[in-house]
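Notes follow the structure.
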Amino acid sequence: MRYIPNSPAEREEMLRAVGLERASQLFDSIPADIRLEKPLGVPSALSEMELLEKFNRMAERNRAATRPSFLGAGAYSHYAPTIIDHLISRSEFFTAYTPYQPEISQGTLQAIFEFQTLVCQLTGMEVANASMYDGSTALAEAVLMAERITRRKRVIVSSAIHPEYLAVADTYVQHYGIELERLEIDEQTGRTSTEALASLDDKTAAVVIQSPNFFGCIEEVAAIAERAHAAGALLVVAVTESASLGLLRSPGASGADIVVAEGQSFGVPLSFGGPYVGLFATRDKYARQIPGRLVGEAYDKQGRRGFVLTLATREQHIRREKATSNICTNEGLIALAATIYMETMGRRGIEETARQCAQKAAYAARRIGELQGYTLPFSAPRFNEFVVRAPSNADELLSRLASEKNITGGLALSRYYEGRETDFLVCVTETNSRAEIDALVEGLRSIAG
Amino acid sequence: MRYIPNSPAEREEMLRAVGLERASQLFDSIPADIRLEKPLGVPSALSEMELLEKFNRMAERNRAATRPSFLGAGAYSHYAPTIIDHLISRSEFFTAYTPYQPEISQGTLQAIFEFQTLVCQLTGMEVANASMYDGSTALAEAVLMAERITRRKRVIVSSAIHPEYLAVADTYVQHYGIELERLEIDEQTGRTSTEALASLDDKTAAVVIQSPNFFGCIEEVAAIAERAHAAGALLVVAVTESASLGLLRSPGASGADIVVAEGQSFGVPLSFGGPYVGLFATRDKYARQIPGRLVGEAYDKQGRRGFVLTLATREQHIRREKATSNICTNEGLIALAATIYMETMGRRGIEETARQCAQKAAYAARRIGELQGYTLPFSAPRFNEFVVRAPSNADELLSRLASEKNITGGLALSRYYEGRETDFLVCVTETNSRAEIDALVEGLRSIAG
Amino acid sequence: MDSTNITKVTPHISHNEHLIFERSQEGRIGYSLPPLDVDETPLDELIPAELRRDDDLEGVPEVSEVDVVRHFTRISTWNYSIDLGMYPLGSCTMKYNSRLNEKVARIPGFANLHPLAPESDSQGALEVIYELQEYLSEITGLAGVTLQPAAGAHGEMTGVMMIRAFIDARDGREASAKRRVMLIPDSAHGTNPASAMLAGFTVKAIRSTSEGFTDLEHLREMCAAGDVAGFMLTNPNTLGLFEKNIREICDIVHEAGGLVYMDGANMNALVGVARPGDMGVDVIHLNLHKTFSTPHGGGGPGCGPCCCTKELEPFLPVPRVVKDGDVFKLDYNRPQSIGRVKAFYGNFGMMVRALAYILTHGAEGLREVTEAAVLNARYIAEGLTSDYEKPFNAPPMHEVVFTDKRQSRKGVHTLDIAKRLIDYGFHPMTIYFPLIVQGAMLIEPTESVGRQELDQFIEAMRSIAREAKENPDLVINAPHSTRIGRLDEAAAARRPILRWKPKESASAA
Amino acid sequence: MDSTNITKVTPHISHNEHLIFERSQEGRIGYSLPPLDVDETPLDELIPAELRRDDDLEGVPEVSEVDVVRHFTRISTWNYSIDLGMYPLGSCTMKYNSRLNEKVARIPGFANLHPLAPESDSQGALEVIYELQEYLSEITGLAGVTLQPAAGAHGEMTGVMMIRAFIDARDGREASAKRRVMLIPDSAHGTNPASAMLAGFTVKAIRSTSEGFTDLEHLREMCAAGDVAGFMLTNPNTLGLFEKNIREICDIVHEAGGLVYMDGANMNALVGVARPGDMGVDVIHLNLHKTFSTPHGGGGPGCGPCCCTKELEPFLPVPRVVKDGDVFKLDYNRPQSIGRVKAFYGNFGMMVRALAYILTHGAEGLREVTEAAVLNARYIAEGLTSDYEKPFNAPPMHEVVFTDKRQSRKGVHTLDIAKRLIDYGFHPMTIYFPLIVQGAMLIEPTESVGRQELDQFIEAMRSIAREAKENPDLVINAPHSTRIGRLDEAAAARRPILRWKPKESASAA
Ligand SMILES: Cc1ncc(COP(=O)(O)O)c(C=O)c1O
Ligand SMILES: Cc1ncc(COP(=O)(O)O)c(C=O)c1O
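Protein chains in written order, with my numbering: chain L, 911 to 1359; chain Z, 911 to 1359; chain F, 1395 to 1903; chain Y, 1395 to 1903.
This is the structure:
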């Protein structure tokens, strides 16, 4: 086996050296009755050529990967500068472990410190961690953190949050005696209806919203923050489309206490849903309640600056069941990719990307809105996603669009909601050319008509 | 421009710092009348996205790149282990210059030393250089070197050498008063006819052959070596398919004095003909006549081993017009790829690759030979290439095979030879599955019938 | 030659690369985008000013592409990595990360596939997931598999929540409400109790015997209380020893009405040799980023599949990937499921790599790996016994633990030995884990190390043992060969600086 | 801290990586191939034993994939590279190598294309060649272009052979036989005379003036002899100065019946600013691996296109890539061609990269690069004049030359300064070239360096100048910070060891 340096002969010698005759004796401490006597039911080894062939064949069956697409809803096609993959492919980065030994891990540590800083800058917060698994688990951890901080059990969540994020939150909190109360959606604006906020009380740990929300509508974050704070509750803001941070008022500037986001938009491949990276940021005063790893500045005896994992007393390897979270391995390499993205695009590139997304989405929305039989049900301002109400069942319409026009036109909302059979969610980014958008519009027209 | 670190503002400041107002003043030393006053007739800048689109579109028009192929004739499809491209993509290797400063170039220098050693081992020679441009220029340089060593002007070359290699040799020697006399091909065996060797005399600098020759036939190298040496001439052996070195008697062991080879078979992409890498090896006694760079072992004051460019007095930067060659930049990175290939495949892998090539070619030859109307004109033993004589014009037959069966069946010899309109050259390597071979056979059958 | 008393010398420019924010210069550009190709609408008509940023992204770096490439290439040279040498972190299984697997995961058909694309147009991806589930089921001897968890700890949470859901269903909410204790050995990894906590369990510790095994007496005792929902154990345990009484342990727990959770972080000692399912384990998590070689990436991404018995299958997270004829489907209709633990389907990119790992090895290769990994650990154990104290006698499996007992007499502790090892060119072993061993040094070479390098490592450790006797300060002040020395972590935690700030406001950190 | 007097410490394991042959162990395997899928014929029936190897490939290494990856990753860390920092080798134009171009060259449609594939199925590749030819023609202001030469020297040989063929055709073999002198400035690169030699020319040197320009008087004198076939000059010349009399130079040579060859290695100073064709140059070679950023790869591959006037076009090598309607074709029917200089069409992979470079910059970008490159060189010239002697006063273009005159008084020479620069983290400049400048230091920063790094470089050079005065030995014994010190090159050349041999026979090297 080419990944095992020692040859069979060398292994024989080593067996002798440790006083054994047969390799099987290495497992003498395993009771015979539970040893596996037959070979595993796994096919025999494939050579590189055969393996590549097999995977290329499977990849070809993913037809959706290679056609124009207007899917968003928590995973976005953005342009990723070529240098990202080159740099994260340096084995000094991708074959290193969590930086437990700072003297020989400064590359990773400094990169994480830059990541934490960039996340703070974009979210408008004061402190950010080294990453969470993804946006959905970050949101769940934010709810648990709000409970730790406020010692309150009631959490009010917007129904306009990504349905899969809400599902994950339900799973995480189910054994904490936390109830997640849903806030309805205002069918006019597409925003979270703030009426129910009247029920905010001194048992309320937090209000949780997403902006832009699942329907692409930008929430009135600042107003909601005021209401929450008035009741002594925290405001947790989730962002699934981080590209929006280049244009929209940052959650921090709007009064959020905890901001979680999906960082996939920052140069991370769609890869059928993962690995992505969760961004987690909050206020300095809550730093010791943060889940996950934190990197901080430190100095050696000669006063040279370096970076280390810090505030470890929050973490499972020290605090065990009393830790702020059970997370250990996080999304290091993906956080690195996002860091390289943010630094390469930089101040102006992040702004320009957001601007192009908003403009192209506006163009697409206008063109579709003008089509016979199609309407845009929601009035609130949007970033790069919007709901379209079709003249007929959206799911069927989109499958015809895929098979007849080879375009993935968006997401039929019936996947998550009852009573929205004719609605679908369209996402437009800087990667969608005007020609693609026009083809989508034309396709929708011809299929409906 | 994202590749230029200094911003326009920084450049303005720097202009001031050197006492200028406008960038155009940087070129004041260029007479006004020869300055270009209009912008270049080159399209305006493309973004990464646009550039990738353009090149992907062009690449798609290279239909031949993505279908089963039996083309050889100096460029071969062999399997290249994945790690090769990963390792040569480390910027420490591919963004370094020729190792002029040994203290900070030991990575490149040690790799070349290993390359030289491997080339010696495979060719059976005593000394090898750091690489030539490719096999064809290496052959031309070998002829010039033979002239330097023997001070004789007559060179006898086999007509069964790759026609493009012969063309390059003609170009190189034309101003040296060297005449290249052709040895005919024995139409029975497909080997170089040795009769003309009778004309070997004390004016003959060298006999030059290729084995396996252009028609895939293995030459009787040892016998020809004797004849050459008897006349005080050198034997130069060219190898276009280096994979054959894994199975065939090495040229060195057969008596060659200079061996040149195309190293493309060792893990180097076809890339429409280049960059490839020329291997150049000879006897120790001729080391000081070698063209190109040589790396040797050296030690520092503390006796630590290192490697340096050596015997530089042969080279153009010292000897100028008296140098052994004008070559300066060679094929460093490709030599590195070949080195990684030879080490990864290793003793057993190089042998196994050669074995599979020979076996698969034998299978294909047998199957094709059995076809109605097709014959194999040459009787000599072969490695992985062989000539097929078709019932009709080979060029038309192969184009039909391409368009109707989507197979590139080989090379019509009419490209290089008159009177061989029905012959074509077929190459089979370890990358051609039996299914592909059978499809080729079936295709030939159905098109002929 | 001593380079340090040479004025103004930095051994390499890459040694003083600052933070990107310190490199940033207004007006530098590192990106390129095509010009906007639709007619532009005034922003105010799209998004009112009060909803837009007004800070002009102040502070976000402005650098060229060249700056970025040099920045990360330089700082990367400050890292140790598997490709540079042996990385014997116990419990972390730092094995070779195949380039082939990296290539496969980047095939556009996988890398560019949107998770919400129609199932009919994502069959290849679903096939990858399904096929990997099948093999992991075969390897663990357990019927049900989910690949949704993003890492080991996430898999643990998933597994213990399934145990809870199962007991709720079995005993009814009321009765099960009295079963809220999760037993965990004192040698367990910190994520175990933390994960149990997330499922609302109370954690109680089970002692280990002086031989390094689960204390059966103590286990029986605790089980007797009748409030035990389950027992989470690692096997081979974190001391590198196989729990030879595993069958009996499972019986005890099962008889007490509890379930057995196995932490599969150490499966590199078992693949192809023994299967948790055959031992009586009910549910287990695997770390694809350990046993199945997906790269650690400096701290992730991981993938922590959870495998369980038929009985527990109904409780697995949704959606599940199932095969219906020769079509692969997402099955959401699992009423008893604990729900979702992550958006979409987990870290798919890691699944592609792990499947490639399994198929590249094949059945024989997988067992060969296990043998080689255990043999390497044995070889080190043998090589170090004369110089370091081994707290337990049982032969180690894939990793071996030593203590600093002898060295500490001279004031040299595990941390010092670890740092000194850096001077010899090795990454240190896992230190101070497991907690029950004083100054633990947990060494896991994995199968990816050849004999010469193992010998070098043993020689280095022995030499350090000698230094600890003859010249303790040398060890205590190590490392001596790194870009920076030991950092003052205490000070860093006291007044944490967790982000860069522009000079002027730096004080206001 | 001083790590060197610490026993048995290697700063990093990667610092003592041996030769692969020393790592090799019988029976190790690094490759994988599918099983042979055709029925096997006994080898003897295919190839008689006397034509087969009988040495069992003795000595060829046997290592695992992991061995190979560690081996090359480790030794790679011993290299300096552009990505690590400024690489100011004069005349070499070590600019940033775009990753985008690397990616483009690896698109399977290019990388897997066989050079003998039917033209109709290789149109994309032919288009790349044709389009690049067009742009290079526009950039040089010369009508004819061949991309066949593999490097600069190869392009030179091609160019001078074309000159010879042109003169043969113009004057007839007999008359032209008397024109066999190629004039070359004493400041020229060594490849120039060596290439002229390959075309059978006798080389005669033209003096440079004390201002660093071609000596017109000397040129006239030599031309008067009537045997001059041509003049090869580099512009800007190798001193970094633009030959302001270029028009006059061309007239002199032309009037004498010769042609002007320009070595285009320094085109990074001219692209978009001035065109050789407009200066009267007849033929030029370019180095795509310099001006057009294809990676140097530690010594190649390069690509040395040759561009010429309409008059010379018939003599270009075959085949030429031409456009016929919108079909691209290979044209072999060129009776006056000098022939082939290389198999197939040249280093195609480099052409793809260079075209990507040109299209990424666009017209404006190309000129911007030239301005930035010249500005950076000017900035360094300015910064060093107070500490180093500048042999010429004319303002430098893209590179600047200094001498060690002042430092050598203290026994510190150019070589010492270069080695000392390594201690400051920089790759040295080109040294002892051009030969006409005593202890030449030729510095070319290129456009790929930012102001801070330029300032660091200037500061380092100044500091070395101070050290040369105050502590010359420090400089003379440099470098002090590298894995190995200066190597004994004389000894290496005296008894060359050019390959590894197994110990026993090592003596017989
Ligand atoms: C024994 C053990 N259990 C659990 C874990 C947690 O796995 P992860 O880091 O993937 O969450 C680890 C890894 O650190 C471990 O070593
Ligand atoms: C001025 C000059 N001419 C010619 C050459 C030769 O180019 P190449 O090394 O590509 O053959 C070089 C590069 O070394 C050079 O600097």
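Glycine included, every Cβ here is placed at the ideal spot set by N, Cα and C. Computed from a predicted model, the values in this text were never measured in an experiment.
Buried or exposed: residue i, going by 16 or more other Cβ atoms within 10 Å of its Cβ?
{"i": "Z:Glu1253", "result": "buried"}
{"i": "Y:Asn1727", "result": "exposed"}
{"i": "Y:Glu1416", "result": "exposed"}
{"i": "F:Asp1810", "result": "buried"}
Using CA atoms only, rank isn't needed, just tell me which of the options is closest to residue i.
{"i": "F:Glu1521", "options": "F:Ala1559, F:Gly1606, F:Met1656, F:Met1745", "result": "F:Met1745"}
{"i": "F:Glu1411", "options": "L:Arg1215, L:Leu1158, L:Ala1141", "result": "L:Arg1215"}
{"i": "Z:Glu1231", "options": "Y:Ile1870, Y:Gly1594, Y:Lys1736", "result": "Y:Gly1594"}
{"i": "Y:Ala1588", "options": "Y:Thr1552, Y:Leu1682, Y:Tyr1826", "result": "Y:Thr1552"}
{"i": "Y:Glu1864", "options": "Y:Ala1885, Y:Val1806, Y:Gln1850", "result": "Y:Val1806"}
{"i": "F:Ile1423", "options": "F:Ser1458, F:Val1454, F:Tyr1524", "result": "F:Ser1458"}
{"i": "Z:Ala983", "options": "Z:Gly1087, Z:Pro953, Z:His996, Z:Ser1121", "result": "Z:Ser1121"}
{"i": "Y:Gly1658", "options": "Y:Gly1666, Y:Val1677, Y:Ile1640", "result": "Y:Val1677"}
{"i": "Y:Met1673", "options": "Y:Glu1513, Y:Leu1536, Y:Glu1420, Y:Ile1469", "result": "Y:Leu1536"}
{"i": "Y:Asp1515", "options": "Y:Val1721, Y:Ala1668, Y:Arg1558, Y:Val1460", "result": "Y:Val1721"}
Tell me the DSSP secondary structure of residue i in three-state form.
{"i": "Z:Lys1113", "result": "coil"}
{"i": "F:His1679", "result": "strand"}
{"i": "Y:Pro1729", "result": "coil"}
{"i": "Z:Glu922", "result": "helix"}
{"i": "Y:Arg1763", "result": "With the sequence shown as reference, residue 1763 of chain Y is identified as Val, and Arg is not the correct amino acid for it. It is helical."}
{"i": "L:Phe980", "result": "coil"}
{"i": "Z:Thr1102", "result": "strand"}
{"i": "F:Cys1644", "result": "helix"}
{"i": "Z:Arg1235", "result": "The sequence shown places Ser at residue 1235 of chain Z, rather than the Arg named in the question. In this structure, Z:Ser1235 counts as coil in the three-state DSSP scheme."}
{"i": "L:Ser1068", "result": "strand"}
{"i": "F:Tyr1655", "result": "strand"}
{"i": "F:Arg1877", "result": "coil"}
Continuous alpha helix (DSSP H) assignments of at least 4 residues falling wholly in the stretch 1003-1054 of chain Z: 1016-1033
3-residue-minimum beta strand (DSSP E) runs that sit fully inside the stretch 941-969 of chain Z, ordered along the chain: none
Completely contained alpha helix (DSSP H) runs for the stretch 1571-1614 of chain F, where each covers 4 or more residues: 1585-1592
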